[in-house]
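All remarks here apply to the structure that follows.
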Amino acid sequence: MRSAVGFLCLLSALVSTGYSLSCIECSAYNSASCSGPSVPCASGLCASSFIQESSPVGSIMQIKRFCAAKTQCGETGSATYGYVRRHMINSCCDTDDCTPEVPKFVRDYKPNGFRCTNCFPPNSEECDPAKRIGCSGGEDKCFIHLFQHNGIDTEFAFRIGGCATESMCQPDKFSEYSYEEVSTTCTQATQ
């Protein structure tokens, strides 16, 4: 009888801890794939955030794999600044260490009438409100991210700014700028 009660207690402890999915965490610039450690994922889904950046000189892909909440799956966004157009799509899967599919990027370049201040490195310590860029698709926000670098021999700051969807107003969508993000503003765009 004691062993049956002990077994039931052990079984109940195992069941109450639940199953935890494991996901790969990694990131890569100029690649659609990456590899890294497998980590427990309490929120339940493995995700890849794909960011494609296009400019007159070409196109690059960035990837970040992470553990995601269900609400992050299928998230899309875009931003336009300088001469760059950036598109983001999150793709998810639900098995241990699975690799989410690389999605097809659908771009909407149709002007929407909104305009924002346009600033882009290397000469963007301050954004000039007279320099404006036209927004397109679902981009109805104006964003400015201030980044700062405090190195041993050099210190500098720069801003990037332009049009964005709500989802692209977050500085983690610009992770290739490996500097300290000092501030972010995101406001409603005007016509």
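Under mature numbering (1 follows the signal peptide of the UniProt record, and there is no 0), the residues of the sequence shown are numbered -20 to -1, 1 to 171, in order. Think of the CB as a built atom: it goes at the ideal place given N, C-alpha and C, for glycine as much as any other residue. Quick caveat, the model's predicted, so the values are computed rather than measured.
Tell me, which residues are paired with residue i by DSSP?
{"i": "E135", "result": "N130"}
{"i": "F94", "result": "Answer is none; F94 lacks a bridge partner."}
{"i": "residue 176", "result": "This structure cannot settle anything about residue 176, because the visible part of the chain is limited to -20 through 171."}
{"i": "F30", "result": "I43 and I69"}
State the Cα-Cα distance for the pair residue i and residue j, rounded to the nearest angstrom.
{"i": "Q171", "j": "D74", "result": "42 Å"}
{"i": "residue 186", "j": "L1", "result": "With the chain covering only -20 through 171, there is no way to say anything about residue 186."}
{"i": "F85", "j": "S23", "result": "26 Å"}
{"i": "C143", "j": "T60", "result": "5 Å"}
{"i": "E33", "j": "D133", "result": "31 Å"}
{"i": "T164", "j": "V64", "result": "19 Å"}
{"i": "S(-9)", "j": "H129", "result": "In this prediction, S(-9) has a pLDDT of 44, which is less than 50 and means its spatial position is unreliable; what the coordinates show is noted afterwards. S(-9) and H129: Cα-Cα distance of roughly 52 Å."}
{"i": "E135", "j": "V162", "result": "14 Å"}
{"i": "G54", "j": "P109", "result": "34 Å"}
Which residue comes first and which comes last in the beta strand (DSSP E) that contains residue i?
{"i": "V82", "result": "Taken as a continuous stretch (DSSP letters only), V82 belongs to no beta strand (DSSP E), as it is neither H nor E."}
{"i": "F46", "result": "G38 to A48"}
{"i": "M68", "result": "V64 to C73"}
{"i": "A59", "result": "T56 to Y61"}
Looking at C-alpha atoms only, which residue of the options is the closest neighbour of residue i?
{"i": "S116", "options": "R87, I140 and L126", "result": "R87"}
{"i": "E5", "options": "S18, F127 and N70", "result": "S18"}
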